Amino acid sequence: MKKISIGLMVLLLCGCQSASVNELQESVCTMNAGGAAVTTIFEHDDNYVKTQKNVNVVQLDISAVSADELTATAEVAAAIYRTVKGIEYSYEIDDQFFIETLYIDFTAASIEELSAIGIVRNADETTTQIGIKETLAMNREMGLECTENE
């Protein structure tokens, strides 16, 4: 479950190179499994992801991971994320739920830094933006249900 929690925050696929000026749209991907509910909201210009917000909610009484393990994992994530421009990370825990939120502003964050910490995958030295179509396809391959262009 620890790997699922961190892994589900890392849902991006690959980057692209050119810019676009379309109005921002929203696509949402969700999954519920093993006491964890994942919601990822992508704001994009129909070509490239501009922001991403992940909210992961773990129901503690049916989770295979303890509250202490989730908290320890969240502390490690927080230490990594606080060093990267364009990322906001928080978590809260009570006796029923562990809730973590990750917000990434791709217009402020460095693709190189995001790649280095594992958030962006399949990027190379020419990658400057994250493609929404590729990102949604990868999320679907991972079992998430995605709605596009809301």
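Numbering (mature numbering (1 follows the signal peptide of the UniProt record, and there is no 0)), first residue to last: -19 to -1, 1 to 131.
Cβ coordinates follow ideal geometry from the N, Cα and C atoms, glycine included.
These figures come from a predicted structure and were not determined experimentally.
1. Below 8 Å on the Cβ atoms is my contact criterion, and I expect residue 73 with residue 80 to pass it. Report the Cβ-Cβ distance as a whole number of Å.
2. Is it the case that the Cβ atoms of residue 41 and residue 77 are separated by a distance below 8 Å?
3. Taking one C-beta from the segment 16 to 25 and one from the segment 58 to 66 each time, how about it: are there three or more such pairs within less than 8 Å?
4. Enumerate in chain order the residues of its own chain whose CB-to-CB distance from residue 11 is below 7 Å, with the five nearest sequence positions on each side excluded.
5. If you compare alpha carbons, which of 92, 37, 101, 106 is closest to residue 119?
6. With DSSP run on the structure shown, which of helix, strand or coil describes residue 96?
7. Do you know how far the Cα of residue 9 is from the Cα of residue 91?
8. When the Cα of residue 29 is compared with those of 7, 128, 97, which residue comes out closest?
9. Mind checking residue 116: buried by the 16 CB within 10 Å criterion, or exposed?
10. Taking DSSP's pairing of strands, which residues face residue 18 in a bridge?
11. Just grab the DSSP bridge partners of residue 174 for me.
12. Could you please give the first and the last residue of the uninterrupted alpha helix (DSSP H) stretch that includes residue 54?
13. Do you know offhand how far residue 39's Cα is from residue 49's?
Let me lay it out:
1. 5 Å
2. yes
3. no
4. 19, 20, 125, 126
5. 101
6. helix
7. 23 Å
8. 7
9. buried
10. 13, 38
11. The requested residue 174 does not occur in the structure, where the chain is confined to residues -19 to 131.
12. 48 to 62
13. 13 Å
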